[in-house]
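Residue numbers (the numbering used here): 762 to 1127. Accompanying notes for the structure given below.
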Ligand code: PMP
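See below:
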């Protein structure tokens, strides 16, 4: 028996699931995780808050996650200077679930979403999973968004949902406010559509967040995550900020009590330690900038990065280059962008191991 013998939906036939390899190698720099484990005082605080939550586990959790949304709103306000309140914020199990809820609400059968590729592959996969048709929009050769071509694609396809990823994964490219505004205007002219700015990596950016753009634009959503900057990929906590009407709209599709009491308690504990965690972000930004400089010195081409990862190349046989780096004990990511690989900024020691592996590879190839 295999999948194709089952009566699955036609559009899922022959497709592959999301699958970054989870290999047991000494240096894992392939899934844009934060390399620093949570600091011990935070681990203790999580244990305390989870113990407290455990006493109430016979009851369903706060369905509206009010305390958590209030703290997330406080974090956004403090770090961006743009005031948002509890009613502007919604949280779910990872920003993947936030995106799924948005597509269930604003996409779906007979509707269309567009993204500018290469970009985060889950935008297309979650679109497919929710029955939303996917359109692959273009980028320039330097991986910035080609505004003219993007505007043309929006006018032609009149998508219901537009994804803008800033900083973009896997290229690291940040998008400026003017580009978002131009795409928003184009999207609203084509039909009233939802524009989702995916800011999963924004804390690592040289540029400020685009959060303030939600003001007066009810069809603009910014999505965020605690997986990267907060070093809590295992927690599964993503969130969005938007007009309160968007938050009301996703209530129509969210599962009741989707965010467990344990998740809410853990996220609240992590938010109490924001300053320490953002200190790690500063170290990672320095390491990211070092990776860019050193990779260029080795002779690689590197895409400007505003994220906690760097896209580097170019290789004539990308898979072979990936394998040779892996043979030296370092796992990086082949995102299927021809000629390019992506490395996540790790600890200084991990990054040195990676740079040594690439140095050897480049020597072999010259
Ligand atoms: N958006 C982007 C651009 C990402 O790269 C990722 C994770 N790789 C996510 C969203 C999802 O992250 P999570 O579900 O862990 O919040």
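No residue lacks a Cβ here, since even glycine has one placed at the ideal position from N, Cα and C. Predicted model only: the values in this text are computed from it and were never measured.
Selected residue, minimal CA-CA separation from residue i, among the options
i	options	result
residue 917	928, 811, 896, 931	896
residue 1056	959, 865, 1122	1122
residue 933	837, 865, 1052	1052
residue 935	1113, 805, 967	967
residue 924	888, 875, 1087, 882	875
residue 1088	1118, 799, 1078, 1104	1118
residue 1029	803, 775, 872, 1066	803
residue 964	954, 928, 977	928
residue 1084	776, 784, 1045	784
residue 1127	1076, 1080, 969	1076
residue 1068	839, 858, 1111, 1043	1043
residue 913	1036, 877, 902, 813	877
residue 1033	836, 980, 780	836
residue 1108	1079, 769, 1047, 883	1047
residue 902	1099, 1115, 1114	1099
residue 1086	1065, 1116, 1110, 1066	1116
residue 1110	838, 797, 768	797
Residue i - partner residues in DSSP beta bridges
i	result
residue 1072	1103
residue 789	1092
residue 922	874, 955
residue 852	1000
residue 981	956
residue 1062	1074
residue 896	875
residue 906	900
residue 986	999
Residue i CB to nearest heavy atom of the ligand PMP below 7 Å
i	result
residue 959	yes
residue 980	no
residue 930	yes
residue 821	no
residue 857	yes
residue 995	no
residue 999	yes
residue 988	yes
residue 793	yes
residue 1047	no
residue 934	no
residue 881	yes
residue 926	yes
8 Å Cβ cutoff met for residue i and residue j
i	j	result
residue 983	residue 971	yes
residue 957	residue 833	no
residue 989	residue 795	yes
residue 1106	residue 1049	yes
residue 1020	residue 911	no
residue 1001	residue 851	yes
residue 790	residue 1063	no
residue 736	residue 1018	What is shown of the chain runs 762 to 1127, which leaves residue 736 out entirely.
residue 891	residue 921	no
residue 1071	residue 788	no
residue 1025	residue 799	no
residue 1059	residue 1120	yes
residue 1096	residue 879	yes
residue 807	residue 1027	yes
residue 1022	residue 856	no
residue 991	residue 1045	no
residue 881	residue 959	yes
residue 819	residue 1005	no
residue 841	residue 831	no
residue 1061	residue 1074	yes
residue 930	residue 1112	no
Beta-carbon contacts of residue i that lie in its chain and below 6 Å, excluding the five residues immediately before and after
i	result
residue 993	987, 1031
residue 1128	Here the chain covers residues 762 to 1127 and nothing more, so residue 1128 does not appear.
residue 843	972, 973
residue 861	887
residue 817	none
residue 859	853, 984, 999, 1001
residue 884	876, 924
Sequence-distant residues of its chain with Cβ nearer than 7 Å to residue i (five each side left out)
i	result
residue 919	951, 952
residue 908	940, 943
residue 866	1010, 1011, 1013, 1014
residue 905	934
residue 765	774
residue 868	874, 888, 891, 893, 921, 922
residue 1035	836
Beta-carbon contacts of residue i that lie in its chain and below 8 Å, excluding the five residues immediately before and after
i	result
residue 782	791, 1092
residue 979	1003, 1004, 1006, 1007
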